[in-house]
Amino acid sequence: ITKESDEEDDVVAINDTVTYNIKTTIPYVEDSLTEYTYSLTDTLTNADYVVDDNGDLVITECTLGGVNYTELPTIHPDNRTFTVDLSSIALNRENANKELVIKYQATVKGEIINNEVSMSSGSHDPYTDEDVLYTAKVTMTKTGEATSEKLANAEFKLYRTTEDGSEYAIVSEDPDVPNSYIVTGWGTKEQATTNIVTGANGEAIVRGLDDSDTYFFEEVVAPEGYSINETDSQVVWDTEGEGSAAATRAGEATMSDTKLSSLPLPSTGGIGTTIFTIGGCVIMIAAAGLYFASRRRQENK
């Protein structure tokens, strides 16, 4: 028996849907046997089966010997596992050595997704196989005009591009890792209420992503004394060294801000307020002169 997913690089994003593929070869059962046990057990970790309104597993494809097979027993998962009895298929000797293929889907709910399948056949020890998927992480580094100046308290939203437009990451902050966030879903910018905030080292980490997608960081709040950078920063994935392994796939993005004090003041044009300053001084001098002249007249009287 073999188990594999449709993710070629074994990296997915949280809340995405994965297609799983189970393949097993129906054993030959001796003609003298009238009873035979042949069953398949599947167990998911950090993912939920896609089921219909009755809670039954949605089978996207099932073939026996390369031909569409419609007599597979109904599968009702319970607590992320299911067992399906295939004994009747094995007792039909015409099915011996034919390959049974079962495809279904699951929704990713955690950072590491383990899917194990085992096949129990008669008195033999179970045959097992497993498929492990991982989610990737990205690090945003925020700097000032000098790259050595790391900026804390910059706030971002992360979004990815899709065929239908852009969707924003709905995240929750990891209580055990400062300035680290985990994706819990995708939605509109308004639905992404929690911002991604950089720490004292100028960094913020987002986990639960798929390196096959294109992501951007959008700054929504600049650190105090700095202006918001209006140019969104695209994530660049590292596929060298540790990044080449699915379990350690990572990406990076950087962005710099400009200090508000270094922005040029707007030009007023012409003489600006100079004429009003001069006029005010003249009025003050004239008023002082009239005051002293009035006092002299009073003293002369």
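Taking my numbering, the leading residue of the sequence shown gets -10, the next gets one more, and so forth.
For each residue, glycine too, the CB sits at the ideal point set by N, CA and C.
Quiz item: Would the beta-carbon of A239 fall within 8 Å of that of S222?
Solution: no
Quiz item: Pairing CB atoms from the region -3 to 9 with CB atoms from the region 90 to 98, are three or more of them under 8 Å?
Solution: yes
Quiz item: How many Å lie between F206 and Y38 at the Cα?
Solution: 31 Å
Quiz item: Taking DSSP as the reference, what is the three-state secondary structure of E144?
Solution: strand
Quiz item: What's the gap between the Cα of T26 and the Cα of T14?
Solution: 15 Å
Quiz prompt | Neighbour-count burial assignment, N104, 16 or more Cβ in a 10 Å radius | solution = buried
Practice problem: Could you tell me which of P16, S107, V18, Y123 sits nearest to T117, measuring between CA atoms? | Solution: S107
Exercise. Determine the direct distance from the alpha carbon of D20 to that of Y123, and round the result to whole angstroms.
Key: 45 Å
Quiz item: Under the three-state reduction of DSSP, which class applies to I78: helix, strand or coil?
Solution: helix
Practice problem: Thinking D163 and V0 are a contact (beta carbons under 8 Å), I'd like their distance in whole angstroms, please. | Solution: Actually they do not touch by this definition, with Cβ atoms about 20 Å apart.
Quiz item: CB-CB under 7 Å to T237, same chain, minus the five flanking residues each way: which ones, in chain order?
Solution: E231
Quiz item: Would you report the Cα separation of Y17 and S76, rounded to the nearest angstrom?
Solution: 12 Å
Practice problem: Compute the beta-carbon to beta-carbon distance between V209 and V127, rounded to the nearest angstrom, for a pair I have assumed lies under 8 Å. | Solution: Their Cβ separation, rounded to whole angstroms, is 17 Å, which puts V209 and V127 out of contact at 8 Å.
Practice problem: Pull up the distance between the alpha-carbon of V172 and that of A36, whole angstroms please. | Solution: 14 Å
Quiz prompt | Rounded separation between G99 and E83 - CA only | solution = 42 Å
Self-check item: Span of the beta strand (DSSP E), counted from its first residue to its last, around K240
Solution: First, the amino acid is wrong: residue 240 is Gly here, not Lys. Note, G240: beta strand (DSSP E), 239 to 245.
Quiz item: My guess is that L53 and K12 are in contact by the Cβ rule of under 8 Å, so how many angstroms apart are they, rounded?
Solution: That belief does not hold up - the Cβ atoms of L53 and K12 are roughly 11 Å apart, past 8 Å.
Quiz item: Is DSSP giving S155 helix, strand or coil here?
Solution: strand
Self-check item: For G154 and K178, the rounded distance between their alpha carbons
Solution: 12 Å
Quiz item: Roughly how many angstroms separate the alpha carbons of A2 and T23, rounded to a whole number?
Solution: 47 Å
Practice problem: Would you tell me roughly how many angstroms separate the C-alpha atoms of T257 and S137, rounded to the nearest one? | Solution: Per-residue confidence for T257 stands at a pLDDT of 49, beneath the threshold of 50, marking its modelled position as unreliable; the derived number appears in the next sentence. The straight-line gap from Cα to Cα measures roughly 36 Å.
Exercise. Compute the distance between the beta-carbons of N10 and V121, then report whether it is under 8 Å.
Key: no
Quiz item: Along the chain, where does the beta strand (DSSP E) that runs through A2 open and close?
Solution: Neither: A2 is in no beta strand (DSSP E) and is coded neither H nor E.
Quiz item: Relative to the alpha-carbon of K248, which residue among T182, I101, N168, L140 has its alpha-carbon at the smallest distance?
Solution: L140
Practice problem: Going by CA-CA distance only, name the one from S161, T187, A181, G214 that's closest to G197. | Solution: S161
Quiz prompt | Local conformation of E162 per DSSP, three classes | solution = strand
Quiz item: Would you call S169 buried or exposed, if buried means 16 or more other Cβ atoms sit within 10 Å of its Cβ?
Solution: buried
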